[in-house]
Structures are given as C-alpha cells and as structure tokens.
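Following the UniProt record's numbering, the numbering of the sequence shown begins with 1 at its first residue and continues without gaps. Scroll down for the structure; my scribbles are underneath it.
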Amino acid sequence: MADGDLTARILPATGGIEKAQWDRLAGASNPFVSHDFLTIMEDSGSVGPGTGWQSATLVLEDGAGTLLGAMPSYLKQHSQGEYVFDHAWADAFERAGGAYYPKLQICAPFTPATGPRLLLEDPQYALPLLRGAEQFVVNNDWSSAHATFVEPAQIDMFAEAGWLERHDIQFHWTNREFVDFEDFLASLTSRKRKELRRERRLANDGIEIRQMCGADIQPEHWDAFWLFYQDTGARKWGTPYLTREAFDLMGQRMGDRLLLLLAFEDGLPIAGALNFIGSEALYGRYWGCLVDKPFLHFELCYYRAIDAAIERGLSRVEAGAQGGHKLARGYEPIATASMHFIADPGFRQAVSDFLEQERRGVAMDRMHLSRRMPFKKG
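Printed below as a string of structure tokens:
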C-alpha cells in the first residue's frame, strides 16, 4: 500500500529486517518488542508453520526504503496465546456466515505485557501505519486486526484512527521508592504484614533459591526450567506455547535481560520462575514446579520479583495475566487496553456496543478491587 511517498508492506519474518534498524524504532525499554525476542519466536519454531501463528510483519518505508514504522504482527488461524479473549466474537461472526480467521494480531507472541505496538520513527507515522494495516485486512478479506496490551501512550493513536478500545484488568506492583521489602511491608496493614512474612518464611523453609542472570544461566538450568514450564503449559493450555529451543536462544541472545529464579530442595531443582528485565519494569512471565510447596509460587513469582525491582530501581512489576490472589500481596488492579479494527460495518457496530458495556463493567470491577488493597489508610 502506498500513501504519497510512504509505502506499507508485509514481510514474512521480523528476521528479514536488520536488528539495528528494528531496535532503532523499538527502543530499549520493552524486551518483548526487541528484535531479539521476536526473532527468537520465529527461529525456535514457537511461531511459524503448524502453530497457527504466521509472521506478517507490517513495515512503513519512505521512497528511499528507510524504515519509518513497524508493527510486530501475525496472521492468526486461532485465538490461542493472546490473553485477550475474542472466542465469542469468532463464534458470533461465523454463525452469521463470516470467516473470523485468519485475523491480523499485533502483539508480542504469548506475552500479556503492556508495550508499544506501533514502533515509530516519529508519531506522525502512526496513522499511515494503521491505515496500511487496515488496507491489508480489507484487501485480503481478513476479518479484523487486533492490537493487544497497548501501552497507555499509544492508545490515542489507535483511537484517532477509529479503532475500538477494549479494557481488562491486570495486577501490577508499584515501587513507591521503597528501600527494601521491609519498607514495602511497612506500607501494609499490620495483619497483611504478618501474613506476608509468614508466607515467605514457610516458602523458604528447607529451600535454597538461586537467582541467575546472563552468563550465570547454564544449559542445565534451562533443562530444569523446561520441565517446570512443560508442567504448567500442559495444565493451562494442553501444549506449551514455546519450544525448548526458545529458552536456549533467550539465554544466548538476551541473557542480560533475563532473571531466572530456581528453587532447590535437597540439592535438586523443584520450581522456577523466569522474569524479563525492562528499563522501567520487571516482567514476570513463566513459572512451573514439580513439587507443590506452600507459598513457593508467591515467593518466586511475586515477592522475589518485588525484591529484584527494588534492588534494580525499577518502577513496577508486571506479573502477567489474571490472578486475583496478587491483590492481597500488594499488586494493584491496573486497566489494560487492546485496540480493534473490524472490517465488516455491521459486526463492527455490534462489537462497539458490546465494548461500551464491557468497559463500564471493567471500571466497576477495578473500583471494587481497589477498595480491597492491603495498604494502610491515609
């Protein structure tokens, strides 16, 4: 698609773009839109043939071929691995005689973490990039395009292009310049302080927890973590989304942006949690265990993440999708947004009406959850 001197086109892989060019637009803040992460998804076979995820990287270039904008985007044949659930939309569209799949998904694969979805040389290129996405949807008779977990700074860019806004709730921990975990505990009610101290004590009883980053993460550590990840994947999704090779490539290409926590009992690894390090946030992504030890999940995924965020001076911890139990542990209900382009006018209106009601419900839920926060009053 051409717009004056600008051209939008779809590439079959992010790996076809030079790393320096991609990361110039993506920046260094969010690890999940980095060239490293997205090409790991491709090179490991986590996305690609047989997965229902086909890389369809949308780029915007000027007449000289200079990269001015890009989207991490995929042609999807299903709605798995997105964490913004549109299965009911698909059912309704197909009952009406339409074909919901394929659809264009703009996201970091398998990653419910907020981040930029429009990677731009300048904000002026947002609209041409979005119009390019819309044109590809219409010209190829795809049903829709969906940008999930859009960072707040970019919501208006989508809205000004007429995309529909959907809200949900996640639980994030906010660092209010705490000096250590005890300083954070001091902000909680007395009862909650006692509960969290008790949980940490029980979780660490007879357990050694090792924290690893970069070259400290060895192949045997990935072997152990793969077993934990497979167990969680089998229970939650039936089949794990990532391949074994994905973890090796993460260690090789972006090890300095990883924080791996492994729990050992009697010298043997029994559980683990993998975090990604951004410039402002710590992102808790994968967890698994072979032994069900009380509160170990909370220790590895929530409390150690808080420790790490304070130590590194990060402003927040994003601990993934769902999980109301995070609320009692100081993680606050935060509104997340996804943006949607629906090609069919009639279906678009139906979705718009639904989202208007859903946003009101989400706002009400968030208000009620906020009242249950464990912080001291005043």
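Cβ coordinates follow ideal geometry from the N, Cα and C atoms, glycine included. Everything numeric in this text was worked out from a predicted model, so none of it was measured.
Cβ neighbours of Q154 in the same chain (closer than 7 Å, five flanking residues each side left out)
Residue 154 sits at position 154 when you count from the first residue of the sequence shown. Answer for Q154: P116, R117, L118, listed in chain order.
Is the region 138-148 touching the region 267-286 in the sense that three or more CB pairs, one from each, lie closer than 8 Å?
no
Could you compute how far the alpha carbon of S190 sits from the alpha carbon of F181?
Position 190 of the sequence shown holds residue 190. Position 181 of the sequence shown holds residue 181. In a straight line, the C-alpha of S190 is about 15 Å away from that of F181.
With a threshold of 8 Å on Cβ separation, who are the neighbours of G214 within its own chain once the five nearest residues in sequence on each side are excluded?
By one-based count along the sequence shown, residue 214 stands at place 214. Excluding positions up to five away in sequence, the list reads G255, D256, L258.
Is M373 helix, strand or coil when you go by DSSP?
Numbered from its first residue, the sequence shown carries residue 373 at position 373. Coil, per DSSP.
Please list, in chain order, all residues of the same chain as A113 whose beta carbon is under 7 Å from its beta carbon, the five residues on each side excluded.
Within the sequence shown, numbered from 1, the residue matching residue 113 stands at position 113. Excluding residues within five positions, the ones whose Cβ falls inside 7 Å are F32, F149, Y283, E318.
Return the bridge partner residues of K76 from the DSSP annotation.
Working through the sequence shown from its first residue, we reach residue 76 at position 76. Paired residues: W53, K103.
How do the region 46-53 and the region 61-73 stand: do at least 3 beta-carbon pairs fall below 8 Å, yes or no?
no
By a C-beta neighbour count over all protein chains shown, 10 Å radius and 16 as the cutoff for buried, is A263 buried or exposed?
Taking the first residue of the sequence shown as position 1, residue 263 is located at position 263. Result: buried.
Continuous beta strand (DSSP E) stretch holding residue 382: start and end:
With the chain covering only 1 through 378, there is no way to say anything about residue 382.
Using the Cα positions of S352 and D266, report the straight-line distance between them to the nearest angstrom.
Working through the sequence shown from its first residue, we reach residue 352 at position 352. Working through the sequence shown from its first residue, we reach residue 266 at position 266. Computed Cα separation, rounded: 56 Å.
Going by the beta-carbon positions, is the gap between L127 and T57 smaller than 7 Å?
Here the question's residue 127 lines up with position 127 in the sequence shown. Here the question's residue 57 lines up with position 57 in the sequence shown. Cβ distance not < 7 Å, so L127 and T57 don't count as in contact.
Over what stretch of residues does the beta strand (DSSP E) that includes A271 continue unbroken?
As a first step, residue 271 must be located in the sequence shown, where it is residue number 271. Segment 268-277, the beta strand (DSSP E) holding A271.
Using a 10 Å radius around the Cβ and a threshold of 16 neighbouring Cβ atoms, would you call residue 397 buried or exposed?
The structure shown has nothing for residue 397, since the chain only spans 1 to 378.
Taking buried to mean at least 16 other C-beta atoms within 10 Å of its own C-beta, is T66 buried or exposed?
Here residue 66 refers to the residue found at position 66 of the sequence shown. Label assigned to T66: exposed.
Taking the DSSP output, what are the residues bridged to residue 380?
Past the edges of the chain, shown from 1 to 378, lies residue 380, and the structure says nothing about it.
Compare the Cα-Cα distances from G45 to each of Y241, M71, F85, G27 and report the closest residue.
Counted from its first residue, the sequence shown places residue 45 at position 45. The shortest C-alpha separation from G45 is found at Y241.
The region 212-232 in contact with the region 287-302 per 3-pair CB rule at 8 Å
yes
Start and end of the beta strand (DSSP E) containing S143?
The sequence position of residue 143 within the sequence shown is 143, counting from 1. No beta strand (DSSP E) holds S143; DSSP gives it neither H nor E.
Per-residue DSSP class, three states only, for Y125
Numbered from its first residue, the sequence shown carries residue 125 at position 125. Looking at Y125 - three-state DSSP - the assignment turns out to be helix.
Should the region 195-214 be regarded as contacting the region 363-372, the criterion being three or more beta carbon pairs within less than 8 Å?
no
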